[in-house]
Structures are given as C-alpha cells and as structure tokens.
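Before any comments, here is the structure.
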Amino acid sequence: MAPQDFAEVLALCQFLPGPNVGNMSIVLGRRWFGLAGATAAFLGLMALPFFWVFGLALLYSEWAAHPMVRAVVTGVGIAGGGLFIGTALKLAKPIQGKWSAVALAAACFALVGVGRVSLFIVLPVAALLAWFAARRGVL
Amino acid sequence: MLQLAIYFALLSLISVGGVPAVMPEMQRLVVDVQRWMSAAEFTQLFAVAQAAPGPNVLVAALIGWKVAGFAGGLVALGAMCGPSAVLTWWLGGYWDSMRDAPWRKTFQRALVPITVGMILAGGYVLATPYGLDWHNALIALASAAALYATRLNPLWILAAGGIAGALLFG
C-alpha cells in the first residue's frame with residue numbers, strides 16, 4: 001500500500017462517524033478480504049484491548065475506596081481531558097486566523113461544553129451553517 | 001441497558017470527528033440526564049480507558065460495565081461501534097467515486113471547526129468533574145501544552161497527571 005493511498009483512506013475514516021482506527025480496519029479489511037476481512041480486522045483490533053481495559057477497571061474498582069488511588073486516577077482523567085484540549089488545538093492549526101471558523105469552533109465549545117446543550121441539537125445546526133459557509137468559501 | 005444501547009447507537013451515527021467529539025454528549029447523558037454515575041466517576045472511568053492500550057472507544061465498554069455489568073459493557077461497545085461500522089462498510093464501497101468529488105472537500109472543511117469545538121468541549125467536561133478550579137485547570141492546561149508543544153508519549157503526560165492528582169487531591 002502506498003503512503004498516499006494510506007493517507008487518503010485515513011482522511012475518509014476521519015470524516016466518517018465512528019472510531020477512526022475502527023473505520024480504518026473496516027475499509028482496509030474490506031479492500032483485501034471482503035466482509036470476512038473487515039470483521040476479522042475490526043474484532044482483532046478490539047478484542048485484546050477490550051480485555052486489557054477490563055483488567056485495569058477491575059483492578060481499579062478493587063482499590064477505588066482508597067482516597068489516594070482515587071486522587072491519582074482523577075488526576076489521570078483530568079490530564080486525559082487536557083490531552084483532548086491539546087488534540088483540539090492541533091486540529092485547529094488549519095483554521096488559525098480564519099475568524100469565521102474559529103468563531104464556529106468557539107460557539108460549539110461554549111454551547112456543548114459550558115452550556116451543556118445536547119450534541120443532537122448543536123451538531124445538525126452547526127453542520128448546516130458550516131456547510132453553507134464552506135460552500136461560499138467563508139470557512 | 002436497552003436505553004444505553006439505543007443512546008450509544010445514536011451517538012455512534014453522529015460521531016463524525018471520532019469518539020472524542022461525542023464525549024461531551026456521552027457524559028451529559030450518563031451523568032446529567034440518567035445520573036448513572038457522578039462526574040468524578042465518569043472522569044475516573046475515562047482515566048482507566050485512557051491508561052489502557054487500545055482505541056479510545058473502549059470507554060464506552062467501561063460505562064456499560066458500570067451501568068449493567070459485563071454484559072452491559074459488551075452491549076455498550078457493540079452499540080457504539082456497530083452502526084458506524086455498517087455505515088463505513090457501506091460508504092467504503094463508494095469511496096472511489098467520492099474521492100475527487102468537490103462536495104467532499106467542502107464537507108471536510110466544514111467539519112474541522114465543529115470537531116475542534118466538540119473535542120475542546122469534551123476535554124473541558126472531563127477535566128472539570130468538580131467544577132472549574134485552579135487544581136484541574138493547572139493539570140489540564142499543562143497536559144494540553146505538553147501534547148501540543150512536545151513530542152512526549154501521551155502516557156507520560158497521563159502519568160504526570162496522576163502524580164499531580166496525588167499531590168493536589170490526595
């Protein structure tokens with residue numbers, strides 16, 4: 001598989017709904033081995049981590065009563081939230097300086113993150129706005 | 001459990017921008033609407049999923065597990081992956097005809113700011129389980145800066161967050 005081809009499949013998977021790597025496994029599995037390939041790739045990707053994460057969760061629930069353990073895990077979770085913020089900033093590089101795009105991102109953040117409005121309301125409205133703005137070359 | 005499955009299946013279909021983009025909605029449902037767990041417990045489950053190797057969609061399995069046991073975990077993960085997997089399978093066949101279509105570029109450009117806003121919202125919600133204060137702002141902003149500006153493995157950033165948590169909340 002050529003790097004260019006890989007990049008294009010990745011781009012497709014990022015704009016389809018669903019976990020990006022999961023989509024990737026389906027598209028590539030399908031390409032090479034059809035339905036069986038897609039299913040195998042997807043399950044292969046999920047199976048081992050599934051048991052890992054449960055092992056860790058069981059271990060945690062064993063110790064969750066301990067205040068220090070809870071403090072550490074809460075710290076990890078907050079840092080994980082920080083990683084999301086860092087990821088968002090990286091994704092925002094192409095829209096730096098495009099004020100209409102920055103304003104749309106800020107509005108989505110304020111409504112969903114701070115205002116706690118449902119994504120099922122915000123997403124369709126934002127998508128429609130963004131679509132028309134992008135078609136007119138404003139985004 | 002049925003409610004969980006239906007809701008996650010709907011989330012699956014709107015998860016353009018990946019799982020991080022729907023985290024704020026998942027938290028809203030689980031914590032604010034259904035009150036299956038507290039915001040702190042949600043952030044802690046998310047921490048476990050982040051610390052384990054594997055795709056971040058696994059947090060769905062942990063939420064299902066917390067709500068309805070091991071079967072709940074399987075159902076939640078299936079609901080979160082199934083609908084989008086079917087859609088991907090189906091659309092994957094049209095990829096060659098879509099690849100050079102002008103609307104695809106427009107669509108992708110339109111999606112960037114929305115994804116940025118939603119992931120930012122997810123980070124904010126996860127980082128402020130007890131409301132916004134200087135403790136969590138410090139950990140979250142330091143982690144965000146470390147990811148943005150350095151090439152550190154994110155696991156080290158999570159570990160540093162754990163140490164900071166012990167010092168600040170312990």
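For the protein sequence lines, the chains are P and X, in the order given.
Residues 1 to 139 (the numbering used here) are what the first sequence spells out, left to right.
Residues 1 to 170 (the numbering used here) are what the second sequence spells out, left to right.
For glycine and all other residues, C-beta sits at the position ideal for the given N, C-alpha and C.
Original post:
How about A101 (chain X): is its C-beta nearer than 8 Å to some C-beta of chain P?
Top reply: no
Subject >> First through last residue of the alpha helix (DSSP H) which encompasses M37 (chain X) >> reply: That residue, M37 (chain X), is in no alpha helix (DSSP H); it is neither H nor E in DSSP.
Subject >> Through-space distance from L43 (chain P) to R31 (chain P), alpha-carbon basis >> reply: 16 Å
Original post:
Beta-carbon separation of V30 (chain X) and I63 (chain X) under 8 Å?
Top reply: yes
Original post:
Since K90 (chain P) is in the alpha helix (DSSP H), which residue starts that stretch and which ends it?
Top reply: P67 to L91
Original post:
Per DSSP, what kind of secondary structure is G54 (chain X) in: helix, strand or coil?
Top reply: coil
Subject >> Unbroken alpha helix (DSSP H) run spanning V117 (chain P), endpoints >> reply: Taken as a continuous stretch (DSSP letters only), V117 (chain P) belongs to no alpha helix (DSSP H), as it is neither H nor E.
Subject >> 8 Å Cβ cutoff, A86 (chain P) in contact with chain X >> reply: Contrary to the premise, residue 86 (chain P) reads as Gly rather than Ala in this sequence. Answer yes: the Cβ-Cβ gap between G86 (chain P) and chain X drops below 8 Å somewhere.
Original post:
Based on the DSSP output, what are the partners of G131 (chain X) in its beta bridges?
Top reply: X:P129
**OP:** Would you mind stating whether A76 (chain X) and A61 (chain X) have Cβ atoms separated by less than 8 Å?
**Re:** yes
Original post:
How would you write the range of the alpha helix (DSSP H) that I157 (chain X) sits in, first residue to last?
Top reply: P154 to F169
Subject >> Best match in P:P3, P:A2, P:E8 and P:M1 for proximity to D96 (chain X) [C-alpha to C-alpha] >> reply: P:E8
Subject >> Simplified DSSP assignment, three categories, for L128 (chain P) >> reply: helix
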